[in-house]
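If you're matching them up, the sequences are chains X and Z in order.
Each residue of the first sequence is one higher than the one before, starting from 122 at the first, in my numbering.
Each residue of the second sequence is one higher than the one before, starting from 122 at the first, in my numbering.
Number of protein chains: 2
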Amino acid sequence: MNDAFKALADPTRRQIITLLTERHRSAGEIADQFHISKPSISHHLNVLKQAHLIVDERRGQHIWYTLNTRVLQEVLGWLLNVTLLSHEA
Amino acid sequence: MNDAFKALADPTRRQIITLLTERHRSAGEIADQFHISKPSISHHLNVLKQAHLIVDERRGQHIWYTLNTRVLQEVLGWLLNVTLLSHEA
DNA sequence: TTTATATTTAGATAAACTTCTAAATAAGAG
DNA sequence: CTCTTATTTAGAAGTTTATCTAAATATAAA
Numbered sequence: 122m123n124d125a126f127k128a129l130a131d132p133t134r135r136q137i138i139t140l141l142t143e144r145h146r147s148a149g150e151i152a153d154q155f156h157i158s159k160p161s162i163s164h165h166l167n168v169l170k171q172a173h174l175i176v177d178e179r180r181g182q183h184i185w186y187t188l189n190t191r192v193l194q195e196v197l198g199w200l201l202n203v204t205l206l207s208h209e210a
Numbered sequence: 122m123n124d125a126f127k128a129l130a131d132p133t134r135r136q137i138i139t140l141l142t143e144r145h146r147s148a149g150e151i152a153d154q155f156h157i158s159k160p161s162i163s164h165h166l167n168v169l170k171q172a173h174l175i176v177d178e179r180r181g182q183h184i185w186y187t188l189n190t191r192v193l194q195e196v197l198g199w200l201l202n203v204t205l206l207s208h209e210a
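This is the structure in structure tokens:
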């Protein structure tokens, strides 16, 4: 779960996640939404993939990226836990 | 919210948050739970404070740290949103 | 098989992060 | 006032991260 938290710590990566909530997208489509180079986006996609927050699947020339909500749910669970357990809550 | 996500990206800081769900604690009590130096813990506390995840209050020689669940709830909200919006969910 | 498109890998650089030790500050006790 | 305890600030070292350009790989089309 540490990898997931680290992956979520970057605003570009969080925005990629937001994009993927709408529908799956190719690496190029994702890169088009940002003002940073394709190799940089590829790096971010890799960080998200290592954290299992996204899944990739090649179809022809394109590689399609999809959200994996399972890890998102684990992080959600951690946060829900500390929030609910907190005596201030 | 970026500061909160960045603050949550470190395992020591997440553990500090977990400790503070039980009850408020002084900087020294927190430091005692780890094998890293007090200045390092002080630094982590500062990162959490900058992110408004915790609040500090000096009482005499001690500084007491308390969770601020408001920011935690914001992060929770973001995650809940992307998880629920996701077509895979 | 050559060319074009999509994406990643390699290697470099600069900034940010974690940690340490030593020194400084703040408050209370004698 | 001096001493002790609690905590932070300063400054440095080593590591990781984000980004870039150039080159490599993979697939499809001509």
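Each residue gets a CB set at the ideal place from its N, CA and C atoms; glycine is no exception.
It is roughly 12 Å from the alpha-carbon of N123(X) to the alpha-carbon of V168(X). Within the same chain, Cβ atoms closer than 7 Å to the Cβ of L141(X) are found at I175, Y186, T187 and L188, the five residues on either side in sequence being excluded. For A172(Z), the CB contacts under 6 Å within the same chain, skipping 5 residues up- and downstream, are D124, A125 and A128 in chain order. When the five nearest sequence neighbours on each side are left out, the beta carbons in the same chain lying within less than 8 Å of the beta carbon of H165(X) are those of D131, T133, R134 and I137, in order along the chain. Under the 10 Å beta carbon count, S163(X) is surrounded by fewer than 16 other beta carbons and is classified as exposed.
Between F126(Z) and chain X, the shortest Cβ-Cβ separation is below 8 Å. In this structure, T190(X) sits away from S147(Z), with a CB-CB distance that is not shorter than 8 Å. Looking at V203(X), L201(X), H183(X) and W199(X), the one whose alpha-carbon comes closest to that of H145(X) is H183(X).
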